[in-house]
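Residue numbers (my numbering): 12 to 151. Below is one structure, written out as structure tokens; the observations come after it.
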């Protein structure tokens with residue numbers, strides 16, 4: 012079976028992500044960035060790495076298998092942007108500042124229909140393993 016890497020921030024400035032193979036603990040690759048990032052998510056199969064990066068909260072998604080960036084979406088948020096993946100599908104979910112949850116098909120790079128947001132500041136976004144349910148956690 013294919014080993015699934017997990018991403019771990021490795022420096023204090025939030026500029027590098029080190030991947031490790033879960034089964035062995037061995038390093039699997041290092042991804043470096045020119046600016047800081049906050050939110051990090053890895054797709055369940057380990058293929059995609061998503062980061063909310065920089066002062067304009069650009070969401071960057073990398074295809075780790077192909078070794079290239081597949082999405083750069085400026086969300087212009089003042090608050091942190093939250094990113095999540097569903098198991099078994101190539102869809103990125105992102106939300107910021109209580110707005111609608113945006114979805115991107117990573118295979119095509121196209122944005123899918125938005126899902127209504129809570130209207131509140133969101134601290135967490137989680138997707139069920141089948142991609143059919145979305146949960147957001149609010150500050151309150």
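Beta carbons are placed, not taken as given, at the ideal position from N, Cα and C, and that holds for glycine.
Residue 107 versus residue 148 - alpha carbon distance
Position 96 of the chain shown holds residue 107. Position 137 of the chain shown holds residue 148. About 12 Å.
Starting from residue 114, trace the beta strand (DSSP E) in both directions and tell me its first and last residue.
Looking up residue 114 in the chain shown gives position 103. Per DSSP, residue 114 belongs to the beta strand (DSSP E) from 112-116.
Compute the distance between the beta-carbons of residue 118 and residue 55, then report whether it is under 9 Å.
Mapped onto the chain shown, residue 118 falls at position 107. Mapped onto the chain shown, residue 55 falls at position 44. Going by C-beta atoms, residue 118 is not nearer than 9 Å to residue 55.
Anticipated Cβ contact below 8 Å, residue 61 with residue 52, distance rounded
Start at 1 with the first residue of the chain shown, and residue 61 comes out as number 50. Start at 1 with the first residue of the chain shown, and residue 52 comes out as number 41. Contact holds; Cβ gap of about 5 Å.
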